[in-house]
Each structure stands twice: as structure tokens, then as C-alpha cells.
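Engineer: For what it's worth, this note's numbering labels the leading residue of the sequence shown as 1330, then goes sequentially.
A virtual CB, placed ideally from N, CA and C, is assigned to each residue, including glycine.
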Amino acid sequence: MSEETKKTSRTISRREFLRDAGIVVGGTAVSSAFFLSACGKEVEVTKTVTTTAPGATSTITTTAADNTVTVTKYACPVCNQEFDSLEVLKAHFDSVHGAVSEPSNKIKITVNGWPYEVQVGPEEVLRDTLREKLGFISIKDMCNGYGACGSCSIIMDGRPVLSCLLLAAECDGAIIETAEGVAESNPSLLEAYVINQCMQCGYCTPGFFVTAKVLLSNNPNPTEAEIKEALGGNICRCGTYPYHIKAINEVAKGK
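1) Got a sec: is the Cβ-Cβ distance from E1509 to anything in chain D below 8 Å?
2) From T1507 to L1491, what distance separates their C-alpha atoms?
3) What are the partner residues of T1507, as DSSP defines its beta bridges?
4) Taking 8 Å as the cut-off, does the region 1499-1516 touch the region 1551-1559 (at least 3 CB pairs, one atom from each stretch)?
5) Sort M1471, D1486, C1567 by Cα distance to G1479 and report the nearest one.
6) Have a look at L1494 and V1407 and give me their C-alpha separation to the nearest angstrom.
7) Cα separation between T1375 and H1421?
8) Whole angstroms are fine: how far does the CA of L1459 sit from the CA of V1543?
9) Starting from T1540, follow the alpha helix (DSSP H) in both directions and report where the run begins and ends.
10) In the DSSP assignment, find the unbroken alpha helix (DSSP H) run with K1469 in it and report its ends.
11) Could you check what DSSP says for L1560 in three-state terms: helix, strand or coil?
12) Could you give the DSSP three-state label for P1451: helix, strand or coil?
13) DSSP three-state label for V1586, please.
14) Taking all protein chains shown into account, do 16 or more other C-beta atoms lie within 10 angstroms of the C-beta of Y1475, making it buried, or fewer, making it exposed?
15) Would you call P1571 buried or exposed, if buried means 16 or more other Cβ atoms sit within 10 Å of its Cβ?
16) Does T1401 pass the burial test, meaning 16 or more other C-beta atoms within 10 Å, or should it be called exposed?
17) Ends of the alpha helix (DSSP H) at P1516?
18) In the DSSP assignment, find the unbroken alpha helix (DSSP H) run with V1580 in it and report its ends.
19) According to DSSP, is T1458 helix, strand or coil?
20) Return the residue from the list E1453, N1473, A1477, I1483 that minimises the CA-CA distance to F1465.
21) How about N1525 and A1581: do their beta carbons lie closer than 8 Å?
22) Which residue's Cα is closest to the Cα of Y1522: P1451, S1514, F1537?
23) Excluding five sequence neighbours on each side, which residues of the same chain lie with their C-beta closer than 6 Å to the C-beta of Y1532?
24) Go ahead and pull the three-state DSSP assignment for A1498.
25) Taking the straight line between their C-alpha atoms, what separation do you get for K1462 and F1412?
26) Suppose you measure from the CA of T1560 to the CA of G1442; what does that come to, to the nearest Å?
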């Protein structure tokens, strides 16, 4: 190797990294740093070699007289502390930092008066959390999550909302009421819905039911136009719309 070659800087390319380490990019930061350090070679250079990995191996060359001394340091991917060997770095990481854990997406919500603590995914919608994980099967999905049918409607913090359009991770601390809770807390509304046959297949009924509860809570004596406007976001393929209006009117008038 010529002196000119010795004094040129060297970086480890992505191709060399994949070829020498034999791993797939995307593993944990710690393992990537270890593999990268393990496949690093003592190369006589005049500059520090840095990589885009969380942990880096730096090789520093100093020249005294005609003697060339190469010193390789292994940097901790967490605290950036440098060590003389990979083994010492591993021991440091195990004793000081321990295992790397995945970030927690645990939320706390109150549903129908009961507290729940549940682990949710980053793209998980509230509808799936409530229905699939907590068992509130009144929440339906007619429009495949497009927010177009109202069958997944719930009451959250006093407002009717579409649970298919809410990320569960953003609902930490929310107070939620589903059709199951409304049926227990508003028996007169439930009775009016049954007597007036407000359901046929029943798939969309819970969405209408919780929306009607919010309407009556905010407006105890609504007009027919106000009822239609409040229920406008709910779709019924069976055509039960007139019966919802009748049931809500009966509850409002105390019949």
C-alpha cells in the first residue's frame, strides 16, 4: 500500500456493510452497531471514519517518525462513550443500558364508567380497540372505515364521534360511552326504541342510539328538523328513519 493510499480517508459504504456483516438493515440500533464494529478493519487513514448508524466505529491514525499507529475506538450507540474493544462495549451496554425495549403505546380510557388500560398499535383505530380488544360489539363497521355510515358512533367526552376515524393512541384519558352504556343509563330511550321498532337488521341501530342520547342531553325538546339534522350522519339500509324521529319525540315529551 503506498503512502498516498494510506493517507486517504475511508468510509464504509452501504454495499460493504451489507456484504461483510451479512445482516438486514433495520435491526435494532445496538445489534447494527455491534455488527458494524465487528466488520470494521484497522485501516491506516488520516481522518476519523464515521457512519450513519446510531453507534459508530472511529479509526484514528497517528504517525510518529516512521512508525504508524492505528487506534480503533468502539462507540456506544446510546451514550457515545468510546471503548477500546467490542467486548468491553458489549459488557458496558449490558450492565448500563440493558435491553432495548419498544416504545409503549399504552392508553388509559374510561368506557361506560369503567377504567381500562390497553396496549394499542400506532395505526390502530379506536373502533378496533373498543370492539376487538375490549368487547363492545355494539360498535359496527358498515363503510370499511371511511367515516361515511355512522355505525361506529360512540360518545367521547360528551360528543358523538366516529370511532373509525380516531387513532386509539390519541385517545388517552378519554371518557367514552357506547350503546351498551347508554342502554343502562337511559332505559326510557331504550324502551322507546324497542316499542317503536327502530331497527330491522339492527346493524346501524347503535350509532343512531348514541347520537339520539347526545341530542336529548343537549336539547331535551328538539324539533323534527333538529332531530333529522342530528341523525343526518347515520345511514340505515333498511329505511327505519321515521321511527327514530318518533322514538326521540316520545322521550322528549315524556310519554
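Structural biologist: Taking the coordinates as given:
1) Among the protein chains of the structure shown there is no chain D, as only one such chain exists.
2) One C-alpha to the other measures close to 11 Å.
3) Answer is none; T1507 lacks a bridge partner.
4) no
5) M1471
6) 37 Å
7) Unreliable positioning characterises T1375 in this predicted model, as indicated by a pLDDT of 37, which lies under 50. A coordinate reading is not provided.
8) 19 Å
9) It spans 1534-1547 - the alpha helix (DSSP H) in which T1540 sits, taken as one unbroken run.
10) Counting along the chain, K1469 falls outside any alpha helix (DSSP H), and DSSP gives it neither H nor E.
11) coil
12) coil
13) The requested residue 1586 is not part of the displayed model; the chain covers only 1330 to 1584.
14) Exposed.
15) exposed
16) buried
17) 1516-1524
18) 1570-1581
19) helix
20) Here the closest residue by C-alpha is I1483.
21) no
22) F1537
23) K1469
24) helix
25) 46 Å
26) Going by the sequence as given, residue 1560 is Leu instead of Thr. Distance between the alpha carbons of L1560 and G1442: 25 Å.
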